[in-house]
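Student: Reminder that position 32 of the sequence shown reads as 31 in numbering that gives the first Met the number 0, one-by-one numbering, no gaps.
C-beta atoms are modelled at their ideal positions from N, C-alpha and C, and glycine is treated no differently.
Quick one: structure below, then a few questions.
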Amino acid sequence: MTSGQRTRILIVDDSAVMRSLLRAVVCANASLEVAGTAADGESALSAIETQHPDLVLLDVEMPVMDGLDTLRKMRARGHKIPVIMCSSLTQRGAKVTIEALACGASDYVAKPAGQSSREEAVLTLSQDLIPKIHALTSLPQAALPGTARAPLLMTLPKAPPISSIPAVLLIGVSTGGPAALDILLPNLPANFPLPVLIVQHMPELFTKLLAERLNSRCPLHVREGVESEPVRAGSIYIAKGNWHLEVQAGARIGLPATLHLSQGALENHCRPAVDALFRSAAAVYGAGALAVVLTGMGSDGMIGARLIREHGGSVLAQDQASSTVWGMPGAVTTAGLAHKVLPLNLMASEILRLSSRTHAEHIELREGVG
C-alpha cells in the first residue's frame with residue numbers, strides 16, 4: 000500500500016451480527032475500509048479474486064467451507080495476504096484456530112462474549128483487532144511462514160562472540176508464533192541437551208492445545224508448564240495462558256531449577272510475559288541462558304534480553320524478512336542486544352551449534368574473548 004491509501008478489509012463470517020460488528024469496527028477507523036463481505040468460504044475465495052483486499056478477517060466455523068479449509072485454499076492459490084482468524088473461545092474454536100495459525104494465518108481475535116451492549120462489543124473488538132490489522136498491513140509486507148527468501152544473516156556490529164555454554168533455551172514469541180514454533184521446534188532432536196521454556200502470548204485454552212499439537216510433531220516432549228515442576232533436558236515447557244512462567248533455583252545444590260507460575264501484574268500488557276521468564280532465567284542460569292526472540296507485536300522480551308546480556312548470557316533474534324511482525328525481535332535488535340539476527344529457517348541449526356559446544360571449545364572461546 001502507498002502512504003495515505005486506506006487498508007481494504009474483507010470480512011468473512013456466516014453470522015450477520017458478527018459481520019455487522021466487524022464492519023462497525025473497520026468503518027470507525029479512518030485508515031481502513033471494507034472491501035467486501037462474505038458469509039462462507041466459497042464466497043470469500045471469489046471475493047478475494049475480485050476485490051483484492053489487503054487483509055481478510057476470517058471466521059473459524061462456517062457452513063459450505065470453514066475457515067481452515069478456506070485458508071488452505073487461499074494459500075494453495077498463492078494468496079499471501081494476511082489473515083486474522085475470528086474465533087469463539089470454545090474447545091473446538093480454539094483447536095481449529097491453533098491449526099489455522101500453524102497453517103499460515105497471521106493472528107486471531109476472540110469474538111466478543113458477555114458484553115452488555117453492541118457498543119461495548121464493538122469497543123472490545125476494536126481494542127484487540129485494530130492494532131493487529133495495522134501491524135500486519137504496515138510496510139514492509141509481513142512474510143508467510145516458510146516463504147522462500149534469500150537467506151539473510153545479520154550480525155550486529157561490535158557484538159562480542161557468544162562465549163558461554165548454554166544451560167537452558169528460552170523462547171519468546173507472539174504474533175505468528177504457532178507457525179514459527181511449528182518450523183523451529185521439530186528440528187530440535189530427541190537428544191537435545193537443554194530444557195526449553197517458551198512464552199507464547201495466548202489465552203489459557205489456546206496454550207494447552209498448542210502444546211498438544213506441538214507434542215505430536217516434535218521429538219522432544221512438549222507440555223504446559225506446571226507449578227514446581229523440575230526443569231529438565233528433553234522437555235519443552237510452554238507458559239500457561241494468563242500465568243507468568245518463571246524459573247526458580249533448586250532447593251539445594253545439585254537439584255534442578257523448578258517452574259513457578261504466577262498471576263502477577265501484566266507486563267507489556269501481557270500475561271504470560273516474555274520479560275518475566277527472561278528475568279527469572281537470568282537470575283537462575285546467569286551466563287547459561289540462551290534467549291531466542293521470535294516474531295511478535297510490541298517489545299516484550301527486550302528488557303529481559305538486556306538482563307540476560309548483563310549476566311553474560313546469549314541472545315538470538317529472528318530477522319525481519321521471515322517474521323510475521325518484526326516488533327519483538329526488532330526491538331531486541333535495534334537495542335543492540337542480539338548476538339545474531341537470523342532467518343527462521345536457520346535458527347534451529349544455530350541453536351544446535353551453540354548447545355553442542357564442548358568444554359574445550361568453551362575454554363578457547365573464553366581465551367579468545369580475553
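Going by DSSP in three states, M133 sits in which element: helix, strand or coil?
Tutor: One detail in the question is off: residue 133 reads as His in this sequence, not Met. Correct three-state label for H133: helix.
Student: Name the two residues that bound the continuous alpha helix (DSSP H) containing L67.
Tutor: Residues 66 to 75.
Student: Could you pull the start and end residues of the beta strand (DSSP E) that V292 belongs to?
Tutor: 288 to 292
Student: Does the segment 96 to 104 come into contact with the segment 317 to 330, if we say contact requires no fewer than three beta-carbon pairs (one atom in each stretch) closer than 8 Å?
Tutor: no
Student: Which residue comes first and which comes last in the alpha helix (DSSP H) that contains S30?
Tutor: Per DSSP, S30 belongs to no alpha helix (DSSP H) and is neither H nor E.
Student: Let me know the beta strand (DSSP E) ranges lying completely inside the segment 301 to 366, each 3 residues or longer, listed in chain order.
Tutor: 313 to 317, 339 to 341
Student: Have a look at S87 and L70 and give me their C-alpha separation to the nearest angstrom.
Tutor: 17 Å
Student: Cutting at 6 Å between CB atoms, please list the residues of its own chain near M346, excluding the five before and the five after it.
Tutor: L183
Student: Give me the Cα-Cα distance between G240 and I307, rounded to the nearest whole angstrom.
Tutor: 24 Å
Student: By alpha-carbon positions, which one of G311, G297, R305 ends up nearest to G329?
Tutor: The option with the nearest alpha carbon to G329 is G297.
Student: Please classify L219: does DSSP put it in a helix, a strand, or coil?
Tutor: coil
Student: Is the segment 219 to 230 touching the segment 106 to 118 in the sense that three or more CB pairs, one from each, lie closer than 8 Å?
Tutor: Taking a contact to require three or more Cβ pairs closer than 8 Å, the segment 106 to 118 and the segment 219 to 230 do not qualify as touching.
Student: Can you tell me which of the three DSSP states A109 falls into?
Tutor: strand
Student: Quick one: residues in its chain with C-beta nearer than 6 Å to the C-beta of S125, no 5 flanking neighbours on either side, listed in chain order?
Tutor: V24
Student: Roughly how far, in whole angstroms, is the beta-carbon of G295 from the beta-carbon of V331, given that I think they are within contact range, below 8 Å?
Tutor: That pair is no contact at about 10 Å.
Student: Can you tell me which of N190, V198, P185 puts its alpha carbon nearest to the alpha carbon of T174?
Tutor: V198
Student: Considering only the alpha carbon of each residue, which of L315, R222, A272, S355 lies closest to L343?
Tutor: L315
Student: In the DSSP output, what is D58 paired with across the bridge?
Tutor: BP columns for D58 point to C85.
Student: In chain order, what residues of the same chain lie with their CB nearer than 6 Å to the CB of L21, ignoring the 5 residues before and after it?
Tutor: If the five residues before and after L21 are omitted, its C-beta is found closer than 6 Å to the C-beta atoms of I10, L56, all from its own chain and listed in chain order.
Student: Helix, strand or coil: how does DSSP classify C26 here?
Tutor: helix
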